[in-house]
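Engineer: Handing you a structure now.
Number of protein chains: 2
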Amino acid sequence: MDAIVEDFALAEGFVATATACGLKPAGALDMALIVAEEPCSAAGLFTTNRVRAAPVLYDQQVLARNPAAVRAVVINAGNANACTGPQGAANCHAMAAMTAERLGCRPDQVLVLSTGVIGRQLDMAKVARGIGALTTPGAAHGAGFAARAIMTTDTRAKVARRTISAGDTPISIAGMCKGAGMIHPNMATMLAIVTTDARVAPDLLDRALRHAADRSFNRISVDGDTSTNDTLLLLASGASGIDVQPAAAAPPLDAATFTAALTDVCIDLARQVARDGEGATRLVEITVSGARDDAQAHQVANAIARSPLVKTAIHGGDPNWGRVLCAAGYSGAEIDPDRLSLHFGVAGSAIQLVAGGLPLEADLAAASALLRQDPVYITLDLGLGTAQTTVWTCDFSKEYIEINAHYTT
Amino acid sequence: MDAIVEDFALAEGFVATATACGLKPAGALDMALIVAEEPCSAAGLFTTNRVRAAPVLYDQQVLARNPAAVRAVVINAGNANACTGPQGAANCHAMAAMTAERLGCRPDQVLVLSTGVIGRQLDMAKVARGIGALTTPGAAHGAGFAARAIMTTDTRAKVARRTISAGDTPISIAGMCKGAGMIHPNMATMLAIVTTDARVAPDLLDRALRHAADRSFNRISVDGDTSTNDTLLLLASGASGIDVQPAAAAPPLDAATFTAALTDVCIDLARQVARDGEGATRLVEITVSGARDDAQAHQVANAIARSPLVKTAIHGGDPNWGRVLCAAGYSGAEIDPDRLSLHFGVAGSAIQLVAGGLPLEADLAAASALLRQDPVYITLDLGLGTAQTTVWTCDFSKEYIEINAHYTT
Chain A
17 MDAIVEDFAL AEGFVATATA CGLKPAGALD MALIVAEEPC SAAGLFTTNR VRAAPVLYDQ
77 QVLARNPAAV RAVVINAGNA NACTGPQGAA NCHAMAAMTA ERLGCRPDQV LVLSTGVIGR
137 QLDMAKVARG IGALTTPGAA HGAGFAARAI MTTDTRAKVA RRTISAGDTP ISIAGMCKGA
197 GMIHPNMATM LAIVTTDARV APDLLDRALR HAADRSFNRI SVDGDTSTND TLLLLASGAS
257 GIDVQPAAAA PPLDAATFTA ALTDVCIDLA RQVARDGEGA TRLVEITVSG ARDDAQAHQV
317 ANAIARSPLV KTAIHGGDPN WGRVLCAAGY SGAEIDPDRL SLHFGVAGSA IQLVAGGLPL
377 EADLAAASAL LRQDPVYITL DLGLGTAQTT VWTCDFSKEY IEINAHYTT
Chain B
17 MDAIVEDFAL AEGFVATATA CGLKPAGALD MALIVAEEPC SAAGLFTTNR VRAAPVLYDQ
77 QVLARNPAAV RAVVINAGNA NACTGPQGAA NCHAMAAMTA ERLGCRPDQV LVLSTGVIGR
137 QLDMAKVARG IGALTTPGAA HGAGFAARAI MTTDTRAKVA RRTISAGDTP ISIAGMCKGA
197 GMIHPNMATM LAIVTTDARV APDLLDRALR HAADRSFNRI SVDGDTSTND TLLLLASGAS
257 GIDVQPAAAA PPLDAATFTA ALTDVCIDLA RQVARDGEGA TRLVEITVSG ARDDAQAHQV
317 ANAIARSPLV KTAIHGGDPN WGRVLCAAGY SGAEIDPDRL SLHFGVAGSA IQLVAGGLPL
377 EADLAAASAL LRQDPVYITL DLGLGTAQTT VWTCDFSKEY IEINAHYTT
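Chains A and B supply the protein sequences, listed in that same order. In terms of this note's numbering, the first sequence opens at residue 17 and continues consecutively. In terms of this note's numbering, the second sequence opens at residue 17 and continues consecutively.
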């Protein structure tokens, strides 16, 4: 386990454990439990897919009913509990009930997350054994283990943490997530749980989470598929004793400062998801500037980030910039081809390939080298306004095919 | 060359030649010329990409001005003449002018098609030599050669032909096309030229072509990228002496009969494009039935056809049907997950995997075998209405990555 993952801790007021119950082969960690020492406030964002997994439907009910009194999140990997009908819903409820019984709380204070294969019923004997083990000293204690347990095709655990100060008091925001395939905004196939020890009312927590997700998890794409299980949870324990207040000037911690730090944590996690895209060898950061508004910038950036031709060209280090312009052209945004300019690389050492929609005499060997660095930076200016956005994706390799051609068999 | 391609002929009134001018390496055929013996009527459909290649912009002008007096189509492969600015426009006009001079017609009676790499200026010395050669006895004479000359990453030439009768007179509709990557509705990266010896007025020709394209080329997807050069041309020589008339009962050939045969030819060609998708090993036919209307059926079918996860699962013969339901779920269509039913295979020997949104106890080994046949048939019923549509795509293999990671370098 990476040192950074091994040392990872959630915010004060939360503890995490993990265990292996047999949903994954070879004894790998496959269940995790996050417990709030006291009832905490919570907010969640979920997949926009019309096909929603049982735990997504269940968690939406819990958060509608109990946003200020959540006690735990129980998570399994290896089975998504999606397309599983009434039996799947019953199994999800049973997971919450078993966890609640061990913790001495009500079932509707327990959130449930599942990820893995679609359309198979959970093996509830294994799950029950797992939930039992998660609350014993024999479980693997520590958020780093939980971050590993929720992985599916991820090659590495994904954690991020920031500390901000409210006067003399440090406030932590610390989260973990998983996701590598079936990744596309709204949202990634992705489970993410972010914790904070600030005290935040549910409605403010919800607003902060939407702000952060719009700038992070909703700006990544691996393969354009949006999953049935995407969930992003934010839990606030209040263990620091510091209240987050909506007004900008309010002591001791204003909502804007909190939201900015939360956004930072979510961007950190989202970039890790894109970097660890199935088969990916590097992160690709695509910035669209000079747009009329954010929506236009996002529409163009998203089309580029989703293009298999752009992503395969990056993989091969092929400075085939025409594919970037082509994707911008079919994005649906009302761009003017004659105003486009394109750079590879970061400001300072960037190479400009296109100005006014036309190719420049660029050093293509140097441009190719920029596509082989990690991260890869691509900036397309639309020449229409001042809005700008950034999205993250990854290159597209043969490994993606290898991983996905034989996922269930 | 396949026998079917070698024997291929355009409709009466058209002749075709091909030559190698050096735009492709190793002396491969890379230019083609289709000549109408008399001025013919023509219609065209073009890419919806905002970034449009020089010949697309040029052809749109020609067809607006001269839809009843086209004399020729000159085509090059190896260079798309896209993102080439004023120089590219001038080169396109020069191609038309040189061809017109050889044929003794006006430049605005010549259509121009280009396909290949984006953003490089044409080598006009080679193109001039090619146009010279195309009108000499030394050129390769025959539409089969032209069908080969327009290929880029295609592995085989694509031609189709149908004959219908108007009383005792046979009417031919015969076309060729190319396209293997950067393929997505509206339209494929694709050049297609369809000819007929019926006599059809330009406005009727245009209507027939839109009808046919909506049911063929706009229903295929290889990689979700829409190119800068897509063009579908329909040329009618009238050499049969038979008029196509709009009224259903009108002798000697009604528009509905003509349009149905034209649609048939276009579907034949479009299926060949999907089957020859870059790296593809089989054709995939996706039918969405039980939809509220055609638009809904198309929206769902398109999301499934575009999903890299569905296409990689098919490649691996992995009966991972959850990915099909997942793609339907994020298609944007207002489906009801609990009404979905899913079959693999054709009626008679199909295997049902899902009923009422839930998995059945299906023979997964048999389902896997159906995914390894060519074509693969997938049918998703939405359970909402009676509308139905079919789209075509291909499986997604490592070869796609291999082909596209090093296209220009």
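Cβ coordinates follow ideal geometry from the N, Cα and C atoms, glycine included. In this text, all values refer to a predicted model and were calculated from it rather than measured experimentally.
Where do the N-terminal and C-terminal ends of the alpha helix (DSSP H) with Leu387(A) fall, by residue?
Structural biologist: Taking the first residue of the first sequence as position 1, residue 387(A) is located at position 371. Taken as a continuous stretch (DSSP letters only), the alpha helix (DSSP H) holding Leu387(A) covers Leu380 to Leu387.
Engineer: Between the Cα of Met111(B) and the Cα atoms of Glu22(B), Leu129(B), Thr100(B) and Ala98(B), which residue gives the shortest distance?
Structural biologist: The count along the second sequence starts at 1 and reaches residue 111(B) at position 95. Of the listed residues, the one whose Cα sits closest to Met111(B) is Leu129(B).
Engineer: Applying a beta-carbon distance threshold of less than 9 Å, which residues of chain E neighbour Gly373(B)?
Structural biologist: Checking the listed chains, one finds no chain E in this structure; the protein chains it contains are A and B.
Engineer: For the stretch 168 to 186 of chain B, which residues have a CB atom closer than 8 Å to at least one CB atom of chain A, in sequence order?
Structural biologist: Answer in chain order: no residues at all.
Engineer: Kindly give me the distance between the Cβ atoms of Phe360(A) and Leu387(A), rounded to whole angstroms, as I take these residues to be in contact under 8 Å.
Structural biologist: Mapped onto the first sequence, residue 360(A) falls at position 344. Mapped onto the first sequence, residue 387(A) falls at position 371. Yes, they are in contact, since the Cβ atoms of Phe360(A) and Leu387(A) sit about 7 Å apart, within 8 Å.
Engineer: By Cβ distance, which residues of its chain are closer than 6 Å to His227(A), with the 5 residues on each side in sequence left out?
Structural biologist: Sequence index remark: in the first sequence, residue 227(A) carries index 211 (1-based). Within the same chain, His227(A) has close Cβ partners Thr275.
Engineer: Under the rule that 16 or more other beta-carbon atoms within 10 Å means buried, what is His314(B), buried or exposed?
Structural biologist: Within the second sequence, residue 314(B) is the residue found at index 298, counting from 1. Looking at its Cβ environment, which holds 16 or more other Cβ atoms inside 10 Å, His314(B) is buried.
Engineer: Only counting the same chain, and skipping five residues up and downstream in sequence, which positions put a Cβ closer than 7 Å to that of Ile134(B)?
Structural biologist: If you number the second sequence from 1, residue 134(B) lands on position 118. Excluding positions up to five away in sequence, the list reads Ala96, Ala98, Cys99 and Thr244.
Engineer: Let me confirm a value: Arg122(A) is counted as buried when at least 16 other C-beta atoms fall within 10 Å, else exposed. Which label applies?
Structural biologist: On the first sequence, position 106 is the one that residue 122(A) refers to. It is exposed - the Cβ of Arg122(A) has fewer than 16 other Cβ atoms within 10 Å.
Engineer: Does chain A have any CB closer than 8 Å to the CB of Met203(B)?
Structural biologist: Counting from one through the second sequence, the residue named residue 203(B) turns up at place 187. Confidence is the limiting factor: at Met203(B) the pLDDT is only 38, short of 50, which leaves the residue's position unreliable and the question unanswerable from this model.
Engineer: When the cut-off is 8 Å and only beta carbons count, does Tyr393(A) lie next to chain B?
Structural biologist: In the first sequence, counting from the first residue as 1, residue 393(A) sits at position 377. Tyr393(A) does not count as touching chain B.
Engineer: Can you tell me whether DSSP reads Met328(B) as helix, strand or coil?
Structural biologist: The residue given as residue 328(B) occupies position 312 in the second sequence. Reading off the sequence shown, one finds Thr at residue 328(B), where the question assumed Met. If DSSP states are grouped into helix, strand and coil, Thr328(B) belongs with the helices.
Engineer: What number of angstroms, rounded off, separates the C-alpha of Gly183(A) from the C-alpha of Phe412(A)?
Structural biologist: For the purposes of this step, residue 183(A) is taken as residue 167 along the first sequence, with counting starting at 1. For the purposes of this step, residue 412(A) is taken as residue 396 along the first sequence, with counting starting at 1. Each residue's alpha carbon lies about 46 Å from the other.
Engineer: Does DSSP put Arg177(B) in a helix, a strand or coil?
Structural biologist: What you label residue 177(B) is simply residue 161 of the second sequence in a count that begins at 1. Residue state, collapsed to three classes: strand.
Engineer: What whole-angstrom Cβ distance do Leu303(B) and Gln404(B) have, given they're in contact under 8 Å?
Structural biologist: Looking up residue 303(B) in the second sequence gives position 287. Looking up residue 404(B) in the second sequence gives position 388. Per the sequence shown, residue 303(B) should be read as Thr rather than Leu. About 7 Å; that satisfies the 8 Å criterion.
Engineer: Could you pull the DSSP bridge partners for Met192(A) from this structure?
Structural biologist: Along the first sequence, one-based indexing puts residue 192(A) at 176. According to DSSP, which records beta bridges pairwise, Met192(A) is partnered with Val175(A) and Ile209(A).
Engineer: Taking Cβ-Cβ distances below 8 Å as the criterion, which residues of the stretch 311 to 340 of chain A are in contact with chain B?
Structural biologist: Correct list: Arg322, Ser323, Pro324, Leu325, Thr328, Ala329, His331, Gly332, Gly333, Asp334, Pro335, Asn336, Trp337, Gly338 and Arg339.
Engineer: Return the Cβ separation of Gly132(B) and Ala93(B) in integer angstroms, given the expectation that the two are a contact with Cβ distance under 8 Å.
Structural biologist: Working through the second sequence from its first residue, we reach residue 132(B) at position 116. Working through the second sequence from its first residue, we reach residue 93(B) at position 77. That belief holds up - the Cβ atoms of Gly132(B) and Ala93(B) are roughly 6 Å apart, short of 8 Å.
Engineer: Output the distance between the C-alpha atoms of Leu207(A) and Thr328(B), rounded to the nearest integer angstrom.
Structural biologist: Residue numbering aside, residue 207(A) sits at position 191 when the first sequence is read from its first letter. Residue numbering aside, residue 328(B) sits at position 312 when the second sequence is read from its first letter. Those two C-alpha atoms are separated by around 23 Å.
Engineer: Against chain B, with Cβ distances strictly below 8 Å, would Ala421(A) count as a contact?
Structural biologist: Indexing the first sequence from 1 puts residue 421(A) at position 405. Judged by the 8 Å Cβ criterion, Ala421(A) is in contact with chain B.
Engineer: Applying the 10 Å Cβ sphere with the 16-neighbour rule, what's the burial state of Gly104(B)?
Structural biologist: For the purposes of this step, residue 104(B) is identified with residue 88 of the second sequence, where counting begins at 1. Its Cβ being crowded by 16 or more others within 10 Å, Gly104(B) is buried.
Engineer: Report the three-state DSSP secondary structure of Glu415(A) (helix, strand or coil).
Structural biologist: Locating residue 415(A) in the first sequence gives position 399, where the first residue counts as 1. Glu415(A): helix per DSSP, three-state reduction.
Engineer: Return the bridge partner residues of Trp408(B) from the DSSP annotation.
Structural biologist: The count along the second sequence starts at 1 and reaches residue 408(B) at position 392. Answer is Ile236(B) and Glu301(B).
Engineer: Using three-state DSSP, classify Phe161(A) as helix, strand or coil.
Structural biologist: Taking the first residue of the first sequence as position 1, residue 161(A) is located at position 145. In this structure, Phe161(A) counts as helix in the three-state DSSP scheme.
Engineer: Using 8 Å for Cβ pairs, my map puts Val316(B) next to Ile394(B). What's the rounded Cβ distance?
Structural biologist: Numbered from its first residue, the second sequence carries residue 316(B) at position 300. Numbered from its first residue, the second sequence carries residue 394(B) at position 378. The Cβ separation is near 12 Å, so there is no contact.
Engineer: For Met114(B), which residues from the same chain have a beta carbon less than 7 Å from its beta carbon, with the 5 sequence-adjacent residues on both sides left out?
Structural biologist: In the second sequence, the residue the question calls residue 114(B) occupies position 98. The residues are Ala144 and Ile147.
Engineer: Pull out every residue of the stretch 132 to 148 of chain B whose Cβ sits closer than 8 Å to any Cβ of chain A, in chain order.
Structural biologist: Against chain A - using a Cβ distance shorter than 8 Å - the residues of the stretch 132 to 148 of chain B are Val133, Ile134, Gly135 and Arg136.
Engineer: May I have the straight-line CA-CA distance separating Ala44(A) from Glu117(A), to the nearest angstrom?
Structural biologist: Taking the first sequence and counting its residues from 1, the one referred to as residue 44(A) is at position 28. Taking the first sequence and counting its residues from 1, the one referred to as residue 117(A) is at position 101. Those two C-alpha atoms are separated by around 25 Å.
Engineer: If you drop the 5 nearest sequence neighbours on each side, which residues of the same chain put their C-beta closer than 6 Å to that of Leu398(A)?
Structural biologist: Your numbering for residue 398(A) matches position 382 in the first sequence. The residues are Gly306, Ala307 and Ile351.
Engineer: Quick check on the DSSP output: the alpha helix (DSSP H) that includes Gly338(B) runs from which residue to which?
Structural biologist: Here residue 338(B) refers to the residue found at position 322 of the second sequence. First-last of the alpha helix (DSSP H) with Gly338(B): Gly338 to Tyr346.
Engineer: Is it the case that the stretch 251 to 262 of chain B contacts the stretch 367 to 383 of chain B, given that we only count it when at least three CB pairs across the two stretches are under 8 Å?
Structural biologist: These segments do not touch.
Engineer: Alpha carbons only, please: which of Ala159(A), Pro353(A) and Val407(A) is nearest the one belonging to Val89(A)?
Structural biologist: Residue 89(A) sits at position 73 when you count from the first residue of the first sequence. For the residues Ala159(A), Pro353(A) and Val407(A), the minimum Cα distance to Val89(A) belongs to Ala159(A).
Engineer: Check whether the Cβ atoms of Val289(B) and Cys193(B) sit closer than 8 Å, and answer yes or no.
Structural biologist: Taking the first residue of the second sequence as 1, we reach residue 289(B) at position 273. Taking the first residue of the second sequence as 1, we reach residue 193(B) at position 177. Yes, the Cβ-Cβ distance between Val289(B) and Cys193(B) is below 8 Å.
Engineer: Establish whether the CB of Ser413(B) and some CB of chain A are separated by less than 8 Å.
Structural biologist: Numbered from 1 along the second sequence, position 397 holds the residue referred to as residue 413(B). For Ser413(B), the answer is yes, since a Cβ of chain A falls inside 8 Å of its Cβ.
Engineer: Do Thr279(A) and Ala27(A) come within 8 Å of each other at the CB atom, strictly closer than that value?
Structural biologist: Reading the first sequence from its first residue, position 11 is the one you call residue 27(A). Reading the first sequence from its first residue, position 263 is the one you call residue 279(A). No, these two residues do not count as a Cβ contact at 8 Å.
Engineer: Give the range of the alpha helix (DSSP H) segment to which Cys56(A) is assigned.
Structural biologist: Reading the first sequence from its first residue, position 40 is the one you call residue 56(A). Per DSSP, Cys56(A) belongs to no alpha helix (DSSP H); it is in the beta strand (DSSP E), Met47 to Phe62.
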